[in-house]
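Under the numbering used here, the letters of the sequence shown match residues 3 to 251, in that order. Taking it in order: structure first as structure tokens, then the write-up.
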Amino acid sequence: MVRDAGLYALQWFRKLDSLKTEKKGPQDLVSKADREVEKMIRERLQTLFPEDGFLGEESGTRNLDAEGIWIVDPIDGTICFLNGLSSWCVSIAFVVKNQIEIGLIYAPCTDELFASQRGTGATLNGKPMKPSKATTLADGIVGLGYSPKSSIVATQKAFDYLFNNGGVYHDVGSAALMLAYVAAGRYIGVYEFQINSWDCLAGIAMVRETGGWTNDFLANDGLLTGNPVLVAAPGVKDAMQKLFAAAGH
């Protein structure tokens, strides 16, 4: 299903010139592609799992009192998508009683399918993923995201701490992909001051399944209101927690 949704989104990506967009807020755009891809996923899930709830970035909620809830971002990295950049993906997570049971992220432009199920590990195109063996922030790339919801001061402090400890950063424009990259060993950690659940739950699930560390994103109603996100490869957990503290958390 996530692959089908990604290939459907890719059809829209190939005709960007005719795609109408709307502005939801600063650096926050939505297009017909976002809505149509989410509609496809929502209808497919409702047919397959009619008893489950649904939370989508574009179409809102359904049956949040259900035991299981699907959390969907039809195009994570919309700004990249609309500007013809390849770093966007479809992200789907399944939560049962505040536990992330399934994480699915598909990046159509690279044909990469990241997948995890709680207790069974995580894979990239069917092959097991392993986190980085980094032991310091100087040993790899840290993903630092920024959005209008972020604190400029906190983000600057995070940058200062990272640079003062020999680190470098990268932001691909998709939080879901950056988290998947930690699970795959491409990044050693990710920090963002404030983020929505549909942007990160699938990636968080993957990091946990590969032995990495994450903060408790679903605490304090994080499913609906969002939270900071912090994830780390095992060897840089302490260093990333110090970066988190330096940012004022």
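Heads up, the beta-carbon is just placed ideally off N, CA and C, and yes, glycines get one too. As the structure is a prediction and not an experimental result, all values here were calculated from the model.
Open item on the list: Between which residues of its own chain and K132 is the CB-CB distance below 7 Å, once the five residues before and five after are set aside?
Closed with: G187, T212, listed in sequence order.
Open item on the list: Taking its Cβ as the centre, do 16 or more other Cβ atoms sit within 10 Å of Q29, making it buried, or is it exposed?
Closed with: Low confidence applies to Q29: its pLDDT is 48, below 50, so where it sits in the model is not reliable enough to give any reading.
Task: Nearest residue (CA-CA) to L179, options I206, F195, Y163, T157 - done: The shortest CA-to-CA distance from L179 to any of I206, F195, Y163, T157 is the one to I206.
Open item on the list: I'd like the span of the alpha helix (DSSP H) that includes N65, first residue to last.
Closed with: Per DSSP, N65 belongs to no alpha helix (DSSP H) and is neither H nor E.
Task: A204 vs I71 beta-carbon contact at 8 Å - done: no
Open item on the list: In the DSSP output, what is V2 paired with across the bridge?
Closed with: As displayed, the chain neither begins before 3 nor continues past 251, which places residue 2 out of reach and without an answer.
Open item on the list: Tell me which residue opens and which closes the alpha helix (DSSP H) that L245 is part of.
Closed with: 239-248
TODO: Provide the residue span of the beta strand (DSSP E) that contains F116, from first to last.
DONE: 114-119
Open item on the list: Do G237 and T137 have their beta-carbon atoms positioned less than 8 Å apart in this structure?
Closed with: yes
Task: Straight-line gap, G185 to T125 (C-alpha atoms, nearest Å) - done: Residue 185 is actually Ala in this sequence, not Gly. Put simply, the backbone Cα of A185 is about 9 Å away from that of T125.
- [ ] Sort out for me which residues DSSP pairs G105 with in a bridge.
- [x] A95, S118.
Open item on the list: Which same chain residues end up closer than 6 Å to N229 when comparing Cβ atoms and leaving out the 5 residues on each side of it in sequence?
Closed with: F219
TODO: Quick one: which unbroken alpha helix (DSSP H) runs of 4-plus residues sit fully inside the region 205-241? Chain order, please.
DONE: 224-227
- [ ] Using the DSSP secondary-structure output, state which residues sit across from G55 in a beta bridge.
- [x] I71
Task: Cβ-Cβ separation, K151 to Q196 (assumed contact under 8 Å), whole Å - done: Yes, Q196 and K151 are in contact; Cβ-Cβ is about 4 Å, under 8 Å.
- [ ] Kindly give me the distance between the Cβ atoms of Y189 and L146, rounded to whole angstroms, as I take these residues to be in contact under 8 Å.
- [x] 10 Å between Cβ atoms; not a contact.
Open item on the list: Are the CB atoms of L164 and V233 within a distance shorter than 8 Å?
Closed with: no
- [ ] With a 10 Å radius around its C-beta and 16 neighbouring C-beta atoms as the bar for buried, classify K22 as buried or exposed.
- [x] exposed
- [ ] Quickly, what does DSSP pair G123 with across the bridge? List them, please.
- [x] Bridge partners of G123: Q119.
Open item on the list: Quick check: the Cα distance between F247 and E53, rounded to an integer number of angstroms?
Closed with: The amino acid at residue 247 is misidentified as Phe; the sequence shows Ala. Rounded to whole angstroms, A247 to E53 spans 41 Å at the Cα level.
Task: Supposed contact pair E60 and E40 - C-beta distance, whole angstroms, cut 8 Å - done: 5 Å
Task: Nearest-angstrom beta carbon gap, V92 and R8 [assumed within contact, 8 Å] - done: Reading off the sequence shown, one finds Gly at residue 8, where the question assumed Arg. At roughly 5 Å, the Cβ-Cβ gap stays under 8 Å, so G8 and V92 are in contact.
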